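Structure first, commentary second.
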Amino acid sequence: INLKPGDIADKEIKLKKQIEIVDKEKLEQYKKIIVATTPRVFVFSQERVADFLIKLNSLKKSIYAISENNPTASIDKKVSLLLLEHPWLKGIKKDLIASLFTRQSIDDDFDRLKFILLRYLEGGILDDKMKKWKVLESSGLLIRKGVSSEKSVRVAVKNVISVSEVRKLLRKDILFSGDFDKEIAYCIYEIAKRLVVPTLIYNKEETEKSIDAKLREKMKPVIYKAGQVIARPGDPITMEIYRVIQIIKKD
3 INLKPGDIAD
13 KEIKLKKQIE
23 IVDKEKLEQY
33 KKIIVATTPR
43 VFVFSQERVA
53 DFLIKLNSLK
63 KSIYAISENN
73 PTASIDKKVS
83 LLLLEHPWLK
93 GIKKDLIASL
103 FTRQSIDDDF
113 DRLKFILLRY
123 LEGGILDDKM
133 KKWKVLESSG
143 LLIRKGVSSE
153 KSVRVAVKNV
163 ISVSEVRKLL
173 RKDILFSGDF
183 DKEIAYCIYE
193 IAKRLVVPTL
203 IYNKEETEKS
213 IDAKLREKMK
223 PVIYKAGQVI
233 ARPGDPITME
243 IYRVIQIIKK
253 D
């Protein structure tokens, strides 16, 4: 069959077997749109929230244990012992850490710190690099809490807070709120900064599944059944008929 688009069929063209055709040009066009607009799936990490609570509680226990087990030790010695047990505190000035040992009780301070940080962590925090991810401006995020997709919520990236943004807000929450005494506020602030972690984790596999499902739904193949007449004598050869003819020739 030597026909091209615009030619006129000189005989009946009938299929001997069923064939399926996908318009590859349209598929590529749809793919670009779907990839750009399909929300990226992020899973809320309850494990990271639990890790934060364990870390904070462990720090408080260490402060009390060091004070109780080393009653005659200098403040500098106690600070050194605390840094050995919790190396993630490295970088905080020792005179700030010392304030943790000069107070009769740190319970209220740690309770307030826990309340402040849980508000951000449980609300969902995005990694700074992800917040700058260009595609999120068009796609947004699909935040999933738990294994059920019914608990997923689509959110614009501008409405999701990042690690660095939380750290900036903590200055106001801790240093300028009046909820913490000045002698300990800066130490609490430095501790808080180190405890802020992303709690929204990108799930690449689920995102790609969602994109593929939308592509399959949008671009279902056109099915031509065996015995179907695609052109009769006198019919013009359209691009669609031409694609079918090319498949027939290959077979």
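Under our numbering, the residue at position 186 of the sequence shown is numbered 188, and the numbers go up by one with no gaps.
Each residue gets a CB set at the ideal place from its N, CA and C atoms; glycine is no exception.
Predicted model only: the values in this text are computed from it and were never measured.
Residue j beta carbon less than 9 Å from that of residue i
| i | j | result |
| --- | --- | --- |
| V51 | L123 | yes |
| S164 | D129 | yes |
| R42 | Y244 | no |
| I232 | I10 | no |
| V168 | V198 | yes |
| K99 | E87 | With the sequence shown as reference, residue 99 is identified as Ile, and Lys is not the correct amino acid for it. No, Cβ-Cβ distance for I99 and E87 is not below 9 Å. |
| L202 | S60 | no |
| V246 | L17 | yes |
| E185 | T104 | yes |
| K251 | I3 | yes |
| K259 | P235 | There is simply no residue 259 to check, as the chain begins at 3 and stops at 253 in what is shown. |
| K62 | I108 | yes |
| S101 | C189 | yes |
| E192 | I127 | no |
| L91 | R218 | no |
| K116 | L58 | yes |
| V162 | K134 | no |
Distance, residue j Cα to residue i Cα
| i | j | result |
| --- | --- | --- |
| K211 | D53 | 30 Å |
| K216 | V24 | 15 Å |
| A187 | A194 | 10 Å |
| R146 | I239 | 50 Å |
| T209 | R121 | 27 Å |
| D237 | S141 | 45 Å |
| R114 | L172 | 12 Å |
| D257 | L55 | This structure gives no information on residue 257, because the portion of the chain shown stretches from 3 to 253. |
| P73 | Q106 | 13 Å |
| I65 | L84 | 7 Å |
| I77 | S179 | 28 Å |
| E242 | I249 | 11 Å |
Residues bridged to residue i (per DSSP)
| i | result |
| --- | --- |
| A233 | I15 |
| Y122 | Bridge partners of Y122: none, in fact. |
| I163 | I127 |
| S154 | R146 |
| E22 | I225 |
| V45 | R146 and I203 |
| P238 | I10 |
Close beta carbons around residue i, own chain, < 6 Å, minus the five adjacent residues each side
| i | result |
| --- | --- |
| I118 | D175 |
Residue-chain proximity (residue i, chain B), Cβ-Cβ < 9 Å
| i | result |
| --- | --- |
| L177 | This model lacks chain B altogether; it includes just one protein chain. |
Own chain residues within Cβ distance below 8 Å of residue i, not counting five before or after
| i | result |
| --- | --- |
| M221 | V24, D25, K28, L29 and Y32 |
| L138 | R42, M132 and V159 |
| T40 | S141, T209, S212, I213 and K216 |
Contacting residues, own chain, Cβ-Cβ under 7 Å from residue i (five flanking each side not counted)
| i | result |
| --- | --- |
| P200 | I127, L128, D129 and V165 |
| K181 | For clarity, residue 181 is Asp in the given sequence; the question names Lys instead. Excluding sequence neighbours, D181 sits near R114. |
Is there contact between the region 20-34 and the region 222-242, where contact requires at least three CB pairs shorter than 8 Å?
Segment contact: the region 20-34 against the region 222-242, three or more CB-CB distances shorter than 8 Å; contact assigned.
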